[in-house]
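So in UniProt numbering, spot 99 of the sequence shown is number 99, and the numbers just go up one at a time. All residues carry an ideal CB built from backbone N, CA and C; glycine is no exception. Have a look at the structure below, then the notes.
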Amino acid sequence: MPSPGARRAALALDALRHGWPVRVEGGAVLLPAETGFAAGVTAPRMLISAARAVTLKLANQREAAVPEAPVLIRAAEPFDLETARAVADPALDLVHPMKGPFAAEPIGNIETARAAMELARLAGILPAFLVEPALEGEVQDVSSADLVEWKDTRRLQIASRARLPVEACEDAEIVAFRALDDLREHVALVIGKQNGDRAPLVRLHSECLTGDILGSLKCDCGPQLHAALHAMADEAKAGGWGVLLYLRQEGRGIGLVNKLRAYRLQDFGFDTVDANNRLGLPTEARDFPVAARMLELLGVHAIRLMTNNPAKVAALREVGVDVIERVPHQLPPNPHNARYLETKRDRTGHLL
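This is the structure in structure tokens:
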């Protein structure tokens, strides 16, 4: 049965992508700074991230330990949309160097504000809002409980499956997964014959348009994807099998446009972690319960996980996946991704 709460959350995400206002838990009306539109609209306050507040001298580093945490700010003059976008996007700092002065104000309902920031991330937009703008027209109401319903992985089901010979292995099957009220369609590629008596070699791969399709040298996503498929093909030749989970979580869950913003900040000298954080986005935003649900629907109960990241092993175990072995999956660097890999090693615990 469709969930009314999940439907409201889906409508709120759609509203934010279109630039329409939302209201969380019956609180203040929020207009997304990035996508919002309305001639001459202004608001006395903005909701921004703690990491962005640090760069605006409104918080200290300790307060921004959770970069995506919400901060409410006001200025001497009301914010219009042009000002709001300059405040929200650190990539515009060179274009709009003079900002403020601003002051931080107490947030009445912190959980409501956190839900608004998470909705922005899920919509793939900058986590920044005009608060109580002078607007006419409809507002999409949503609650934290609605968001919980939308994220409930029990709504994810197998939508279709078919034989799919691939370059690495002709004996392969693709399985598509879909949840009501969610436009993302995750897929699994099963390599070889599924065998319930033998734990498969499994790789979780988050969608990376630039690396998987365009051959970007800034990351190692494309080579890792293809090397994983060939490793699974070798496993199948030896009597085993493999499963590639291709998760529609571009940029580790921050979305394509925000990932490209992070790339631009990397061009300014920031590493991949700091670039995400300066945008007010978390370092890790992947939805591991989705991966667990996909494995459950495939009838996979124990796995040998291809990863260099012990935190990924721990995250999957926390959501009920029996990871019986971590299989290293390391590839040589190139001149463009060497710093990226060093950051993964030094700041996110990858064993490289």
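query	result
Roughly how far, in whole angstroms, is the beta-carbon of Thr55 from the beta-carbon of Ile125, given that I think they are within contact range, below 8 Å?	About 19 Å separates the two Cβ atoms, so there is no contact after all.
Tell me, to the nearest whole angstrom, how far the beta carbon of Gly280 is from that of Pro67; I am working on the premise that it is less than 8 Å.	6 Å
If distances are taken between C-alpha atoms only, which option among Leu265, Asp267, His226, Asp287 comes closest to Arg121?	Asp287
Does Ile213 come out as helix, strand or coil in the three-state DSSP assignment?	helix
Let me know the secondary structure DSSP gives Ala311 once reduced to three states.	helix
Cα separation between Leu11 and Pro335?	43 Å
Kindly confirm or deny that the region 156–163 and the region 44–53 touch, where touching means at least three C-beta pairs closer than 8 Å.	no
For Val24, is the classification buried or exposed, using 16 other Cβ atoms within 10 angstroms of its Cβ as the cut-off for buried?	buried
Hey, would you say Gln140 sits closer than 8 Å to Trp20, going by beta carbons?	yes
Measure the C-alpha to C-alpha separation of Arg311 and Ala134 and round it to an integer number of angstroms.	Arg is not the amino acid found at residue 311; the sequence shown has Ala there. Cα to Cα, the separation comes out at about 45 Å.
Decide if Glu82 is buried, meaning its Cβ has at least 16 other Cβ atoms within 10 Å, or exposed.	exposed
For the region 38–113, list the alpha helix (DSSP H) runs that are entirely contained and at least 4 residues long, ordered along the chain.	50–55, 81–88
For the region 239–246 against the region 310–324, do three or more pairs of beta-carbon atoms, one drawn from each stretch, fall closer than 8 Å, so that the two count as touching?	no
Taking DSSP's pairing of strands, which residues face Arg178 in a bridge?	Gln157, Glu185
Suppose you measure from the CA of Trp150 to the CA of Ser3; what does that come to, to the nearest Å?	8 Å
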